[in-house]
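From first to last, the protein sequence lines stand for chains X and U.
Residue numbers are given in my numbering: position 73 of the first sequence equals residue 150, and the series is strictly consecutive.
Residue numbers are given in my numbering: position 240 of the second sequence equals residue 317, and the series is strictly consecutive.
Please read the structure below before turning to the comments.
2 protein chains.
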Amino acid sequence: MYKAKAYAVSSATSPFGPATIERREPTDHDVQIEILFCGICHSDLHQARDEWHDMMPTMYPCVPGHEIVGRVTRVGSAVTKFKPGDLAAVGCMVDSDRTCPECKAGLEQFCNNFVLTYNFPDKHTGKVTYGGYSDSIVVTEHFVLKVPSNLDLAGAAPLLCAGITTYSPLRHWGVTKGKKVGVVGLGGLGHMGVKFAHALGAHTVVFTTSPGKKEDALRLGADEVVISKDANEMNKHAGSFDFILDAVAAPHDINAYINLLARDGNITLVGAPPEPLPVGVFGLIFRRRSFSGSLIGSIAETQEMLDFCGKHNITSDVEVIPIQKVNEAYERLLKSDVKYRFSIDMASLKSA
Amino acid sequence: MYKAKAYAVSSATSPFGPATIERREPTDHDVQIEILFCGICHSDLHQARDEWHDMMPTMYPCVPGHEIVGRVTRVGSAVTKFKPGDLAAVGCMVDSDRTCPECKAGLEQFCNNFVLTYNFPDKHTGKVTYGGYSDSIVVTEHFVLKVPSNLDLAGAAPLLCAGITTYSPLRHWGVTKGKKVGVVGLGGLGHMGVKFAHALGAHTVVFTTSPGKKEDALRLGADEVVISKDANEMNKHAGSFDFILDAVAAPHDINAYINLLARDGNITLVGAPPEPLPVGVFGLIFRRRSFSGSLIGSIAETQEMLDFCGKHNITSDVEVIPIQKVNEAYERLLKSDVKYRFSIDMASLKSA
């Protein structure tokens with residue numbers, strides 16, 4: 078074990094402050110990474126504040142962060158894909174059982190025994206996993222991703238969660254050139270959805286409640302922007318979408334979007350409203366439409382996404398902050414006051 | 078125009094009684110059919126009683142019936158697939174525009190200009206279409222189906238709606254040997270779903286609230302029966318179904334079934350609860366599950382279903398009644414007091 082610097086919360090109501098945590102020394106299959114940037118995901122806030130208590134109670138001290146990019150500092154003797162000095166990234170998972178049908182199908186995100194990057198039992202230390210608000214992390218090779226060298230690292234960090242969460246359903250539901258794709262909600266997830274749908278060649282329509290976001294949506298790659306409160310504008314698109322990515326985590330009327338789907342169209346939710354959404358059945362029946370959810374993506378698909386980003390030079394729009402501003406960033410996150418993701422410059426932790 | 082005998086209602090609160098209606102003489106592409114049996118669908122009751130007033134107001138007099146089998150009596154000069162004496166069937170649609178993308182894709186059920194078999198504007202007569210509670214019907218050849226000669230005709234009639242409505246989603250979502258399939262609700266639709274899922278080779282599990290239906294479910298082809306009120310029994314099947322056919326038209330907890338789906342599993346609703354169903358988003362997200370609707374089936378798929386029924390000797394379980402008992406049958410339908418479909422023997426209309 079070695080000591081690593083981190084920023085942690087010690088209770089649901091505490092602010093973040095400097096902390097020292099223990100990491101394992103790299104074993105044969107491990108990669109040790111010096112963390113350069115870590116994105117702030119809304120999940121970090123939910124977990125730090127124990128807002129998912131019934132489902133995933135928070136174990137304190139809690140070090141969030143699952144949008145990690147950095148540089149390899151050490152590798153175990155059996156590691157073949159990485160060497161010290163390489164760029165590397167870690168997302169929401171750091172392990173899985175590797176033996177179940179889901180793992181064998183290369184879909185670790187559906188493994189019943191996956192290990193999340195933070196706030197999860199850690200079989201190596203007997204404690205809990207600590208995430209990316211830290212100066213280093215040690216992860217088994219299979220769960221470490223390669224980062225294309227042309228990407229801005231601060232903007233690349235959010236690809237590890239916001240990126241794969243939106244890329245995976247677009248790919249799963251067959252978004253390609255010639256398809257008409259909607260993106261609902263222009264936040265951390267939604268703005269990545271727009272970039273990916275555009276890069277995949279789809280006719281991309283952004284739905285937003287804020288007329289003020291129109292310009293930015295077009296800049297991000299939207300072909301059209303619809304103000305979702307305007308029923309007339311909505312009706313013009315009735316029955317026309319092949320796929321809609323719904324990135325809204327607040328309660329909202331999903332039926333208004335189901336009605337915009339073409340025959341066999343699908344709407345996938347990647348936000349997670351806490352309460353059930355009322356779904357009108359006739360909207361699904363009359364055009365054989367479907368309504369789905371999607372959860373991050375597999376390790377192979379995350380690598381595919383990063384490679385796609387390298388090819389198309391796609392990163393998240395970020396506001397880079399020092400770790401000392403994380404408490405302030407959480408308050409701004411609650412007001413959606415960020416375009417579109419905070420990325421923590423972990424160099425700031427050296428002086429913490 | 079010629080006069081046909083029928084049973085009609087003259088208002089939302091009137092009982093059925095004998096009526097004389099006008100049918101068109103067969104044009105070049107038309108097939109005239111002597112109706113031998115007509116199933117009673119729950120939609121008939123909704124429409125007769127104007128219970129879908131906002132969506133499809135009833136035009137009186139109303140002659141329902143869209144589960145029609147009979148014998149060809151006359152054909153137009155351009156008809157090539159039928160000749161007098163042939164068995165023939167008609168389902169929920171009697172026409173569509175034949176030119177839109179949906180029609181060209183062979184999916185007439187999604188045509189914006191389809192013509193339903195009853196209570197729909199009739200471009201030939203300038204009035205309204207009249208359904209199968211009648212001694213004859215005239216339908217354009219493309220919408221007339223062939224009936225395998227080995228099938229019991231009284232039991233074959235319900236295939237035209239209850240049959241295709243359940244067969245189509247089972248096929249669309251890839252039900253085959255080796256899949257685990259659930260059927261929720263053992264009524265007119267559900268009992269056909271069980272027969273089809275079994276004949277397609279799937280491991281078929283029936284969900285019912287009534288322990289008294291267990292024996293019958295097994296007889297119909299179920300491999301297992303789960304009493305859906307028993308949370309323990311339900312939990313045993315968590316995360317295991319490839320596909321669930323939900324044939325319940327009353328409000329019910331769809332989340333209990335979503336949780337039984339495996340990764341990438343789908344639940345399709347073919348019943349149509351009038352109120353929106355609350356759907357918990359986490360249930361969809363964690364295994365990339367989807368929730369869909371399905372609407373009858375195309376003409377080509379209806380023929381495929383009838384041929385499949387001929388091959389596997391599948392018909393609906395019916396209680397045959399004379400047309401004079403249709404009012405009584407409607408009251409029993411409201412109490413689900415039928416195993417599993419009423420089929421009207423239209424010979425009874427001769428003495429009406």
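Note that beta-carbon positions come from the ideal geometry of N, C-alpha and C, so glycine has one too.
Just so we're clear, the structure is a prediction, and the values are computed from it rather than from any experiment.
**OP:** Using DSSP bridges, identify the partner residues of residue 343 (chain U).
**Re:** Along the second sequence, one-based indexing puts residue 343 (chain U) at 266. Under DSSP, residue 343 (chain U) shares a beta bridge with U:320, U:367.
Original post:
Hey, does residue 362 (chain X) have any beta-carbon neighbour from chain U nearer than 9 Å?
Top reply: Reading the first sequence from its first residue, position 285 is the one you call residue 362 (chain X). Under the 9 Å criterion on CB atoms, residue 362 (chain X) is classed as interfacial with respect to chain U.
Original post:
Since residue 182 (chain X) contacts residue 106 (chain X) with CB under 8 Å, what's their CB separation in whole angstroms?
Top reply: Your numbering for residue 182 (chain X) matches position 105 in the first sequence. Your numbering for residue 106 (chain X) matches position 29 in the first sequence. Between residue 182 (chain X) and residue 106 (chain X) the beta-carbon gap is near 21 Å, outside 8 Å, which marks them as no contact.
Subject >> Under 9 Å from the C-beta of residue 122 (chain U): neighbouring residues of chain X >> reply: On the second sequence, residue 122 (chain U) is found 45 positions in, with the first residue counted as 1. Among the residues of chain X, none has a CB under 9 Å from the CB of residue 122 (chain U); the nearest is roughly 18 Å distant.
**OP:** Taking residue 356 (chain X) as the query, report the chain U residues whose CB atoms sit under 9 Å from its CB, ordered along the chain.
**Re:** The residue given as residue 356 (chain X) occupies position 279 in the first sequence. Correct list: 331, 353, 354, 355, 356, 368.
**OP:** Kindly indicate which three-state DSSP category residue 284 (chain X) falls into: helix, strand or coil?
**Re:** Translated into positions along the first sequence, residue 284 (chain X) becomes position 207. Of the three classes helix, strand and coil, the one that applies to residue 284 (chain X) here is strand, per DSSP.
Original post:
Based on the DSSP secondary-structure assignment, which residues constitute the bridge partners of residue 422 (chain U)?
Top reply: For this step, residue 422 (chain U) is matched to residue 345 along the second sequence. Answer by DSSP bridge pairing, in chain order: U:114, U:399.
Original post:
Hey, how far is the Cα of residue 228 (chain X) from the Cα of residue 391 (chain X)?
Top reply: Position 151 of the first sequence holds residue 228 (chain X). Position 314 of the first sequence holds residue 391 (chain X). Those two C-alpha atoms are separated by around 7 Å.
**OP:** Kindly indicate which residue of X:270, X:195, X:253 has the alpha-carbon position closest to the one of residue 261 (chain X).
**Re:** Numbered from 1 along the first sequence, position 184 holds the residue referred to as residue 261 (chain X). Residue X:270 is the option with its Cα nearest to residue 261 (chain X).
**OP:** Ignore the nearest five residues each way along the sequence and tell me which others in residue 299 (chain U)'s own chain have a CB closer than 6 Å to its CB.
**Re:** Indexing the second sequence from 1 puts residue 299 (chain U) at position 222. Taking residue 299 (chain U) as the centre and dropping the five residues before and after it, the same chain places the C-beta of 271, 281, 283 closer than 6 Å to its C-beta, in chain order.
**OP:** Helix, strand or coil for residue 145 (chain U), going by three-state DSSP, please let me know.
**Re:** Taking the second sequence and counting its residues from 1, the one referred to as residue 145 (chain U) is at position 68. The answer is strand: DSSP assigns residue 145 (chain U) an E or B state.
Original post:
Taking any Cβ of chain X, which residues in the region 276-304 of chain U have a Cβ under 9 Å from it, in chain order?
Top reply: Those would be none; no residue qualifies.
**OP:** Please check the pair residue 346 (chain X) and residue 362 (chain U), which I expect to be a contact at CB under 8 Å, by giving their CB distance rounded to whole angstroms.
**Re:** Residue 346 (chain X) sits at position 269 when you count from the first residue of the first sequence. Residue 362 (chain U) sits at position 285 when you count from the first residue of the second sequence. About 7 Å separates the two Cβ atoms, so the contact holds.
Original post:
In chain U, which residues lie less than 8 Å from residue 349 (chain X) when you measure between Cβ atoms?
Top reply: Translated into the one-based positions of the first sequence, residue 349 (chain X) becomes position 272. Below the 8 Å Cβ cutoff, chain U contributes 358, 359, 362 as neighbours of residue 349 (chain X), in chain order.
Original post:
Where does the unbroken alpha helix (DSSP H) through residue 378 (chain X) begin, and where does it stop?
Top reply: Counted from its first residue, the first sequence places residue 378 (chain X) at position 301. Counting along the chain, the unbroken alpha helix (DSSP H) around residue 378 (chain X) starts and ends at 376-389.
**OP:** Go to residue 301 (chain X), then tell me how far its beta strand (DSSP E) extends in each direction, as first and last residue.
**Re:** Taking the first residue of the first sequence as position 1, residue 301 (chain X) is located at position 224. Residue 301 (chain X) -> beta strand (DSSP E) spans 301-304.
Original post:
Thinking C-beta only, is residue 248 (chain X) closer than 9 Å to residue 378 (chain X)?
Top reply: Locating residue 378 (chain X) in the first sequence gives position 301, where the first residue counts as 1. Locating residue 248 (chain X) in the first sequence gives position 171, where the first residue counts as 1. Yes, Cβ-Cβ distance for residue 378 (chain X) and residue 248 (chain X) is below 9 Å.
Original post:
Between which two residues does the beta strand (DSSP E) harbouring residue 213 (chain U) extend?
Top reply: Within the second sequence, the letter at position 136 stands for residue 213 (chain U). Unbroken beta strand (DSSP E) run through residue 213 (chain U): 213-217.
**OP:** Assuming residue 320 (chain X) contacts residue 395 (chain X) (C-beta within less than 8 Å), just tell me the rounded distance between them.
**Re:** One-based indexing of the first sequence puts residue 320 (chain X) at position 243. One-based indexing of the first sequence puts residue 395 (chain X) at position 318. Wrong, their Cβ atoms sit about 26 Å apart, outside the cutoff.
Original post:
Using the beta-carbon of each residue, which ones in chain X are nearer than 8 Å to residue 184 (chain U)?
Top reply: To locate residue 184 (chain U), count along the second sequence from 1; it is residue 107. Chain X residues near residue 184 (chain U): 340.
**OP:** Could you name the residues of chain X that residue 419 (chain U) contacts, counting a contact when the two beta carbons are closer than 7 Å?
**Re:** Position 342 of the second sequence, counted from the start, is the residue given in the question as residue 419 (chain U). The contacting residues do not exist; residue 419 (chain U) stays about 24 Å from chain X at best.
Subject >> Those residues which DSSP pairs with residue 327 (chain X) across a bridge >> reply: Within the first sequence, the letter at position 250 stands for residue 327 (chain X). Note: residue 327 (chain X) sits in no beta bridge, so no partner.
Subject >> Secondary structure of residue 94 (chain U), DSSP reduced to three states >> reply: Numbered from 1 along the second sequence, position 17 holds the residue referred to as residue 94 (chain U). It is a strand residue.
Original post:
Where do the N-terminal and C-terminal ends of the beta strand (DSSP E) with residue 79 (chain X) fall, by residue?
Top reply: Residue numbering aside, residue 79 (chain X) sits at position 2 when the first sequence is read from its first letter. Segment 79-85, the beta strand (DSSP E) holding residue 79 (chain X).
**OP:** Taking only beta-carbon positions, decide if residue 151 (chain U) is within less than 9 Å of chain X.
**Re:** Numbered from 1 along the second sequence, position 74 holds the residue referred to as residue 151 (chain U). False, the Cβ-Cβ gap to chain X never drops below 9 Å.
Original post:
Is there at least one Cβ from chain X nearer than 9 Å to residue 126 (chain U)'s Cβ?
Top reply: Numbered from 1 along the second sequence, position 49 holds the residue referred to as residue 126 (chain U). No, its Cβ sits nowhere closer than 9 Å to a Cβ of chain X.
Subject >> residue 229 (chain X) (DSSP reduced to helix, strand or coil) >> reply: Residue mapping note: residue 229 (chain X) aligns to position 152 of the first sequence, counting from 1. Here residue 229 (chain X) sits in coil by DSSP.
Original post:
Hey, quick one: how far does the beta strand (DSSP E) through residue 247 (chain U) stretch, first residue to last?
Top reply: Here the question's residue 247 (chain U) lines up with position 170 in the second sequence. According to the DSSP assignment, residue 247 (chain U) belongs to no beta strand (DSSP E) but to the alpha helix (DSSP H) extending over 239-249.
Original post:
Does DSSP put residue 394 (chain U) in a helix, in a strand, or in coil?
Top reply: As a working note, residue 394 (chain U) is residue 317 in the second sequence. Coil.
Original post:
Can you tell which of U:209, U:196, U:293, U:295 has its C-alpha closest to the C-alpha of residue 129 (chain U)?
Top reply: The residue you call residue 129 (chain U) lines up with position 52 of the second sequence. The alpha carbon of residue 129 (chain U) has as its nearest neighbour, out of U:209, U:196, U:293, U:295, the alpha carbon of U:196.
Original post:
Going by other Cβ atoms of all chains shown within 10 Å of its Cβ, with 16 needed for buried, is residue 134 (chain U) buried or exposed?
Top reply: Within the second sequence, numbered from 1, the residue matching residue 134 (chain U) stands at position 57. Counting the other CB atoms within 10 Å of its CB gives residue 134 (chain U) a total below 16, which places it among the exposed residues.
Subject >> Cβ contact (3+ pairs, closer than 8 Å) linking the region 200-220 of chain X and the region 158-178 of chain X >> reply: Put simply, the region 200-220 of chain X touches the region 158-178 of chain X. At least three CB pairs are less than 8 Å apart.
Original post:
On the three-state DSSP scale, how would you describe residue 177 (chain U)?
Top reply: Indexing the second sequence from 1 puts residue 177 (chain U) at position 100. In the structure shown, residue 177 (chain U) adopts coil according to DSSP, grouped into three states.
Original post:
Is there contact between the region 165-178 of chain X and the region 237-254 of chain X, where contact requires at least three CB pairs shorter than 8 Å?
Top reply: Counting Cβ pairs under 8 Å, three or more are found: they touch.
Subject >> C-alpha gap between residue 408 (chain U) and residue 312 (chain X), whole angstroms >> reply: Within the second sequence, the letter at position 331 stands for residue 408 (chain U). Within the first sequence, the letter at position 235 stands for residue 312 (chain X). When rounded, the distance between both Cα atoms is 40 Å.
Original post:
Three-state secondary structure (DSSP) at residue 348 (chain X)?
Top reply: Position 271 of the first sequence, counted from the start, is the residue given in the question as residue 348 (chain X). Looking at residue 348 (chain X) - three-state DSSP - the assignment turns out to be coil, as it is neither helix nor strand.
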